[in-house]
Amino acid sequence: MKRHRLHLLFLQLPRLDPEVSDAGENVMLAAACLTYALRRTPEANHWRIVDATVAQDSLADTPLLATLAYLQPDCIAATCYLWNVERTLRLLTHLKRLCPSLRVVLGGPEAAREHPLIFRADSPCDGIAIGEGETVFPAMLKALRTGEPADINTVATRLATTDRSQPPRWQWGTQPRTLPALIDILPPPEAPVNRPDAQGMAYLETNRGCPLRCAFCCYNLRRAGSTSLPPENILRRLRILKRRGAREIRLVDPTFNAHPQFDAVVDILAQSNRDRRISFFVEIRADTLTVQQARKLAQAGVSEAEVGIQSTDPVVLRTLQRGTNTDRVLRGIGYLRQHGIRPTIDFMYGLPHQDRHDIERSLHWLEQFPEAHPQFLPLLLLPGTELRDRAATLKLKAQALPPYRVLSTDMMTSRDLRMIETEAAERLGAFDAPTEIFAGRKLPDLFTAQIRCAEPFEMTEIPTAAVNRQTLFLRGHDLFQQRAKISAILYQAIKSEPDILWQFVLEPFQEEPLDLLDELLAVLRRQPSHWLDRLLAPPGQRILAARRLFVRPVRGARVSSDWLAACDDVMAACSH
């Protein structure tokens, strides 16, 4: 029987965190804004939204695929970030085989005209939106329903073809999209999406658009001009968030003090937070900050402010299209510290024309502020950015897949960049590793979802992953002798679920040769890399972050502390 209304499902796969105490967050702000935009148009009469939020937040891909197929959506609107784009495309490709009539529209920060994945021949996408989606989304749905491509210059529609061996043909619209005021884009203050998560964290956008044109960022390339909420609307939103239990609010504006009524907005923050129950996190330009503004931010409850500096070299900054005056930035950071606001200070390495002297100055800058939160980050050549477009000219080489880390520059080899990472970790402190210990009688870092496999390790008895952070125990009396079977299990587990996080825990009854660990780690390293591995691996190295090996002897096993320490050393050397 034909449906009265077509079924629409929003998909936003979460960023999976290897930290056992942090399941990650997946706030579907895009879905809320797109739903609000759709409901304000006649196209809403043709669609009914079906929900799979809980499933997509927690399930492994095989059960998630079954859930989505059971719901039988006519269209899936997928929001993609660099951490979920590969998994999203893979999942939707499998889903389309099960549901041939399914249509897919895709958007989000990862969408760009020259993206290496989303326009490929095997892409599951039928429509792609670049930049803001609220004003184009209803038109994209209408295009899918009627077969007439949306004539908007930020929307690509895949044209039908009978020869799947040929590259896909995409049709871009010609008309500019409309850019309404932010107050007409965001769901109203009382909308259900405006609420904190279970930890009391909430998000608030007061200004869309950025005055900067940084060559490493694609935000400014996808919107011309800016639009902001009026102070009285911000006050309503703050009061509702507070009433709903918010304890921390992160303002997602790319440059908070670029709001045209910035001083009035800060007064609003203070007015809504007289009891200081809420702490605010903001991103600001420190070079334009006054001491009076810093004082008012502190009085309003701003506890942390992120300041992007990136480099101290004028040549590098010009290449990045940043005219930042470092003396004024230093003064602005001083104002923040003077009033008790903790600065998060961002520098980057792997930049074009950046040499060791600039790296040394950057590290020295960060060392000046021991109470600050330092961020010394590798350059990512994000799709849609100017630096990515000019990579060949600038002699920048980067990973082909997300997160697109720079591997070498015109001034630095991969070895140079590895040495810089090591030095930065020694001087600033390494990034917190999610794994406290890899071998021991107690392992505090194991995921709560656990499945087991025991001797004789037959392939037909391998349990399948249920969730997206899965621990698999392998117990046996002579694991070394059965290493071929165990290797096959690891291979098959990753092949069946390549995008989830895996922990493989060996449970021996006695001490096993360390060669067993070497062989199993080699199996893990031979598998296609996960985006998390590529994010954390220094250039030219392979780090196991998404699929990790552990050893936990069975209770009563006679193993020495020296053997456990040796096991831990082997696994820690190549794992995160």
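For the sequence shown, the residue numbers in our numbering are 2 to 577. Just so it is clear, CB atoms sit at the ideal spot from N, CA and C, and this is done for glycine as well.
Check: Residue range of the alpha helix (DSSP H) that includes Met-413; Outcome: Note, Met-413: premise wrong, no alpha helix (DSSP H); not H, not E.
Check: Nonlocal neighbours in the same chain, by C-beta distance under 7 Å from Leu-537, ignoring five residues either side; Outcome: Ile-544, Ala-546 and His-577
Check: The region 161 to 181 in contact with the region 12 to 20 per 3-pair CB rule at 8 Å; Outcome: no
Check: Span of the beta strand (DSSP E), counted from its first residue to its last, around Arg-354; Outcome: Note that residue 354 is His in the sequence shown, not Arg. Unbroken run through His-354: none, as it is neither H nor E.
Check: Spatial distance of Arg-91 from Ala-130 (CA atoms); Outcome: 19 Å
Check: Of the residues Ile-285, Tyr-71, Phe-474 and Phe-458, the one placed nearest Phe-448, counting alpha carbons only; Outcome: Phe-474
Check: Burial state of Asn-46 (16 or more Cβ within 10 Å); Outcome: exposed
Check: Segment contact, 8 Å Cβ cut-off, at least three pairs: the region 93 to 104 with the region 27 to 39; Outcome: no
Check: Exposure of Tyr-220, with buried meaning 16 or more beta-carbon neighbours within 10 Å; Outcome: buried
Check: Rounded straight-line distance, which links the Cα of Glu-372 to that of Arg-343; Outcome: 7 Å
Check: Check whether Val-292 and Tyr-336 have beta carbons under 9 Å apart; Outcome: yes
Check: Neighbourhood of Leu-378 by C-beta distance below 8 Å, restricted to the same chain and skipping five residues each side; Outcome: Asp-347, Phe-348, Met-349 and Tyr-350
Check: Cβ-Cβ distance between Val-308 and Gly-333 below 9 Å; Outcome: yes
Check: Member of Gly-109, Asp-198, Pro-117 and Pro-125 whose CA lies at the smallest distance from the CA of Thr-155; Outcome: Gly-109
Check: Coil, strand or helix - Trp-48 by DSSP; Outcome: strand
Check: Simplified DSSP assignment, three categories, for Asp-563; Outcome: helix
Check: Length-filtered (3 minimum) beta strand (DSSP E) runs lying within the region 249 to 304; Outcome: 249 to 252 and 280 to 285
Check: Which listed residue (Glu-437, Gln-482 and Arg-357) has its alpha carbon closest to that of Thr-414; Outcome: Arg-357
Check: Coarse secondary structure for Glu-508, derived from DSSP in three states; Outcome: strand
Check: Where the beta strand (DSSP E) through Tyr-405 begins and ends; Outcome: Where Tyr-405 is concerned, there is no enclosing beta strand (DSSP E), given that its DSSP letter is neither H nor E.
Check: Contact check, Ala-580 vs Arg-245, beta carbons under 9 Å; Outcome: There is simply no residue 580 to check, as the chain begins at 2 and stops at 577 in what is shown.
Check: From Leu-145, Ala-567, Asn-85 and Ala-67, residue whose alpha carbon lies closest to that of Ser-102; Outcome: Leu-145
Check: Beta-bridge pairing of Gln-172 - partner residues as DSSP gives them; Outcome: Thr-158
Check: Continuous alpha helix (DSSP H) assignments of at least 4 residues falling wholly in the region 77 to 141; Outcome: 86 to 99
Check: Backbone CA spacing between Phe-510 and Ile-495 [nearest angstrom]; Outcome: 26 Å
Check: Per-residue DSSP class, three states only, for Arg-470; Outcome: strand
Check: Cβ-based burial, Pro-189 [other Cβ within 10 Å; buried from 16]; Outcome: exposed
Check: Nonlocal neighbours in the same chain, by C-beta distance under 8 Å from Thr-162, ignoring five residues either side; Outcome: Pro-169 and Arg-170
Check: Where Gly-557 falls: helix, strand or coil (DSSP); Outcome: coil
Check: Given Ser-124 as reference, the closest of Gln-471, Glu-135, Gln-311 and Ala-112 once Cα atoms are compared; Outcome: Ala-112
Check: Length-filtered (3 minimum) beta strand (DSSP E) runs lying within the region 361 to 404; Outcome: 374 to 379
Check: Option in Ile-241, Ala-247 and Ala-259 with minimal Cα separation from Gly-226; Outcome: Ala-259
Check: Whole-angstrom distance between Ser-273 and Phe-263, CA atom to CA atom; Outcome: 15 Å
Check: Neighbourhood of Glu-512 by C-beta distance below 6 Å, restricted to the same chain and skipping five residues each side; Outcome: Val-560 and Trp-564
Check: Nearest neighbour of Ser-488, chosen from Val-524, Asp-198, Leu-383 and Val-468 [CA to CA]; Outcome: Val-524
Check: DSSP state of Pro-15 mapped onto helix, strand, coil; Outcome: coil
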